[in-house]
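Novice:
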Amino acid sequence: MKAALALALLGLSLAAAQTRWQPQLADRYNYQLGELFVVPTHFIPGVKVYALDGWDTPASTVSWLVSQGAYPVCYFSAGSFENWRPDASQFLASDKGAAMDGWPGEWWLDVRSSNVRKIMQQRIAMCKSKGFVAVDPDNVDGYTNANGVGLTAADQLSYNTFLANEAHAQGMAIGLKNDLNQLTQLTPYFDFFVNEQCNQYSECGMYAPSKAAGKPVWNIEYTSTNFNKGCTQQTTMGMRTTLK
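According to mature numbering (1 follows the signal peptide of the UniProt record, and there is no 0), the stretch in the sequence shown is residues -17 to -1, 1 to 227, in order.
Laid out in structure tokens, this is it:
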């Protein structure tokens, strides 16, 4: 009986993996968070992946992108409390840690909280209900910052694994944003990777586990000098870089 159950669960897991979006190394992407995506104005021929704010982007925009053969990715913060989000009232006072330096209205979250995890399950469900094919949870490296709640690397690893498993359970792909120190442990759980400024900080080589797994890495740089370094990284690491 146990063997039969295990085989059945394995079959369900494989079926879910086959039906959710599988990002490819050759996929070109665009990251647009600071400005609402307008169709068709912001559509770029040849770009397949669009990372957009999950709250601000209407389902009609997501549907339009899918109709164009694109893959819309739902951005939300999984590691911080943002006081302007529609579900802000659902967080408990004990869920909030230190204020995030340079980001008014935003605080680190205690990702060990069962309430925080429940809210993130709901956010992933919100993304799915709008038609997004993947999620891009941000701020998933709180343990490397002055978070105010004493998060450890083990806490972060547990939480990030939880996010990946939850996204997959809901039939969605998921990307890992930064958290370079845990790439080796987390690469098997995530479908793609998003980095900010790995050329600037000489960290692109840390994505060797992702390259070995054949999973795409999309990097964002904010100066032309660092963007131009992306040509080398695309050749050696299979990494695509965009300038913002």
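Beta carbons are placed, not taken as given, at the ideal position from N, Cα and C, and that holds for glycine.
#1: Rounded to whole angstroms, what is the Cα-Cα separation between N148 and Y172?
#2: If distances are taken between C-alpha atoms only, which option among V45, M189, A9 comes closest to F26?
#3: To the nearest angstrom, how far is it from the Cα of Q183 to the Cα of F176?
#4: For D84, tell me which candidate among G125, S112, A137 has the shortest Cα-Cα distance.
#5: Please list the terminal residues of the continuous alpha helix (DSSP H) segment that includes T208.
#6: Between which two residues does the beta strand (DSSP E) carrying L166 extend?
#7: Drop a sphere of 10 angstroms on the beta-carbon of P55, count the other beta-carbons inside from all chains shown, and report buried for 16 or more, exposed for fewer.
#8: To the nearest angstrom, how far is the alpha carbon of K113 from that of Y58?
#9: Distance, Cα to Cα, N143 vs I102?
#10: Over the uninterrupted beta strand (DSSP E) stretch that includes A117, give me the two end residues.
#11: Run through DSSP, which three-state label would C187 get?
#12: Determine the closest residue to Q73 out of P120, S50, L92, A129, with distance taken between C-alpha atoms.
#13: Taking D174 and K198 to be in contact with their CB atoms under 8 Å, please state how far apart those CB atoms are, rounded to whole angstroms.
#14: So, with DSSP's three-state summary, where would you put K113?
#15: Assuming K111 contacts Q153 under a Cβ cut-off of 8 Å, what Cβ separation, rounded to an integer in Å, is found between them?
#16: Just curious, the alpha helix (DSSP H) that S43 is in, first and last residue?
#17: Thinking C-beta only, is L8 closer than 7 Å to G213?
#18: Can you say whether Y205 is buried or exposed, counting buried as having 16 or more other CB atoms within 10 angstroms of its CB?
#19: Helix, strand or coil for Q139? Go by DSSP, reduced to three states.
#20: Mind reading off the beta-carbon distance from V200 to N178? Whole number of angstroms is fine, and I expect it under 8 Å.
#21: Can you tell which of P28, R3, G29, Y33 has the C-alpha that lies nearest to the C-alpha of Q15?
Specialist: A quick look at the data gives this:
#1: Looking at the two C-alpha atoms, the distance is approximately 7 Å.
#2: V45 is the residue among V45, M189, A9 whose C-alpha sits nearest the C-alpha of F26.
#3: For Q183 and F176, the distance between alpha carbons rounds to 17 Å.
#4: Selected option, being the one with the closest Cα: G125.
#5: Note, T208: alpha helix (DSSP H), 207 to 211.
#6: Per DSSP, L166 lies in no beta strand (DSSP E) segment; the continuous alpha helix (DSSP H) that holds it begins and ends at 166 to 169.
#7: Here P55 is buried, its C-beta having at least 16 other C-beta atoms within 10 Å.
#8: So the two alpha carbons sit approximately 12 Å from each other.
#9: Their Cα atoms are separated by approximately 14 Å.
#10: Element bounds for A117: 117 to 121.
#11: Reduced to three states, the DSSP call for C187 is helix.
#12: For Q73, the closest of P120, S50, L92, A129 by C-alpha to C-alpha distance is L92.
#13: Correct: roughly 6 Å between the Cβ atoms.
#14: Assigned with DSSP and collapsed to three states, K113 falls in helix.
#15: That pair is a contact at about 5 Å.
#16: Bounds of the alpha helix (DSSP H) holding S43 are 42 to 50.
#17: No, they are not a contact pair.
#18: Exposure of Y205 is indicated by the presence of fewer than 16 other C-beta atoms within 10 angstroms of its C-beta.
#19: The answer is helix: DSSP assigns Q139 an H, G or I state.
#20: Contact holds; Cβ gap of about 6 Å.
#21: Comparing Cα positions, the closest option is Y33.
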